[in-house]
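Inspection log for the structure reproduced underneath, given as structure tokens.
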Amino acid sequence: MDDMNSQPWTWDEQTWRSKVDHVRAGRSLKPVRWKNGARCAVAFSFDSDHETNELRDGGKSIGRMSQGQYGNRQGVPRILNALAKYDAKATFFVPAVAALLYEDEQRRVVAEGHEIGIHGWIHELNSQLPYEIERDLMFRATDTLERVTGVRPVGLRTPSWDFSPSTLRIERELGLLYDSSLMADDDPYELLEQGEPTGIVELPVEWIRDDAVYFNMHRFNGLRPHTPPTAVYDIFFREFERAYEEGGLFLLTMHPHVTGYRSRIWILEKLLEEVTRRSDVWVATHAEIAAFVKEQGL
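Per the UniProt record's numbering, the very first residue in the sequence shown carries number 1; after that it's consecutive.
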């Protein structure tokens with residue numbers, strides 16, 4: 001009977017409203033024009049999870065960890081070469097464990113003018129953690145990325161976009177500029193906590209604009225996506241085209257161990273070609289975009 005009384009359909013209005021209002025989208029930060037009068041902003045991001053997808057679950061599969069290593073050996077170099085060809089800057093979100101496994105990779109990313117953002121310690125699921133542990137892991141991850149790269153990160157993407165009730169509080173304690181884990185809009189907005197403005201910029205993500213949902217597979221979980229690369233490119237390009245028409249933000253999430261393959265890297269290369277040929281599109285890191293919209297709108 002006690003369990004029945006705690007079910008969601010028994011909640012009073014104050015209870016369910018408090019859950020909804022805990023973290024909420026506030027004012028839109030979409031500018032009238034982007035930097036240098038650009039019509040549209042584009043943010044390419046790469047989640048360099050590498051082996052942490054297997055490690056965070058306590059897994060021991062050498063095969064799955066080898067897929068993660070592919071992200072370092074082939075995925076990241078191909079991505080960096082594509083970005084360099086089109087003179088485009090991007091953001092790489094890196095779990096601290098992956099950064100420690102591949103310190104030279106992170107230094108190359110920064111040396112080539114890209115941003116590295118926080119992506120947890122070992123790609124943990126924040127909603128499964130108490131505040132104290134989540135806070136400790138995020139602070140340790142931030143310090144680790146700063147030590148490895150020489151640059152203190154200013155933005156966070158929660159692993160698996162798993163944003164716990166404590167995450168925003170921790171981001172405020174870290175003094176971050178932006179988050180990129182939530183999905184309340186297409187364009188940047190300010191995060192509210194219990195109805196109060198936080199000054200933190202949200203650069204929203206969406207599973208539609210993420211390569212993993214179209215390509216990832218897991219042999220033991222029956223996960224067998226079969227979307228062809230041409231269809232994935234078409235989805236991504238349509239998202240960009242509408243962002244361009246609306247004068248908004250196109251933010252894309254990719255993974256080196258997913259898109260870095262020979263039959264898929266062309267998706268990124270073709271998008272870069274289409275985006276950069278337009279003189280009124282601003283391609284920038286997440287930090288640059290967040291700083292610009294915050295200056296304009298807060």
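Positions of the beta carbon are idealized from the N, C-alpha and C atoms, including for glycine.
Alpha carbon to alpha carbon, what distance is there between residue j and residue i?
{"i": "D173", "j": "S127", "result": "The sequence given here places Glu at residue 173; Asp does not occur at that position. Cα to Cα, the separation comes out at about 18 Å."}
{"i": "M1", "j": "Q7", "result": "Bear in mind that a pLDDT of 47 at M1, under 50, signals an unreliable position, so the number given afterwards is only what the model happens to contain. So the two alpha carbons sit approximately 10 Å from each other."}
{"i": "A99", "j": "K60", "result": "20 Å"}
{"i": "V281", "j": "V275", "result": "7 Å"}
{"i": "Q67", "j": "E51", "result": "8 Å"}
{"i": "H286", "j": "P153", "result": "11 Å"}
{"i": "T198", "j": "Y233", "result": "36 Å"}
{"i": "W16", "j": "A141", "result": "33 Å"}
{"i": "N36", "j": "T230", "result": "33 Å"}
{"i": "R278", "j": "A25", "result": "31 Å"}
{"i": "I265", "j": "F93", "result": "19 Å"}
{"i": "residue 351", "j": "E54", "result": "A query on residue 351 cannot be resolved here, the shown segment of the chain reaching from 1 to 298 and no further."}
{"i": "E115", "j": "I133", "result": "26 Å"}
{"i": "P165", "j": "G117", "result": "21 Å"}
{"i": "E103", "j": "V293", "result": "31 Å"}
Taking the Cβ atom as the reference point for each residue, do residue i and residue j lie within a distance shorter than 8 Å?
{"i": "H257", "j": "Y86", "result": "no"}
{"i": "A43", "j": "L191", "result": "no"}
{"i": "L137", "j": "G120", "result": "yes"}
{"i": "R56", "j": "E146", "result": "no"}
{"i": "S180", "j": "V205", "result": "yes"}
{"i": "A41", "j": "I289", "result": "yes"}
{"i": "G247", "j": "R78", "result": "no"}
{"i": "Y106", "j": "V148", "result": "Residue 106 is actually Gln in this sequence, not Tyr. Their beta carbons are under 8 Å apart, which means Q106 touches V148 by this criterion."}
Measure the beta-carbon distance from residue i to residue j and round it to whole angstroms, keeping in mind my assumption that it falls under 8 Å.
{"i": "L203", "j": "L176", "result": "Not confirmed; about 12 Å, so no contact."}
{"i": "S45", "j": "L271", "result": "Not a contact, Cβ separation roughly 13 Å."}
{"i": "D49", "j": "H255", "result": "6 Å"}
Can you tell me which residues form a DSSP beta bridge with residue i?
{"i": "T91", "result": "S45 and E115"}
{"i": "L156", "result": "I118 and D179"}
{"i": "A25", "result": "L191"}
{"i": "L252", "result": "F44"}
Using a Cβ-Cβ distance under 8 Å, would residue i count as near chain C?
{"i": "H257", "result": "No chain C is part of this structure, which consists of one protein chain only."}
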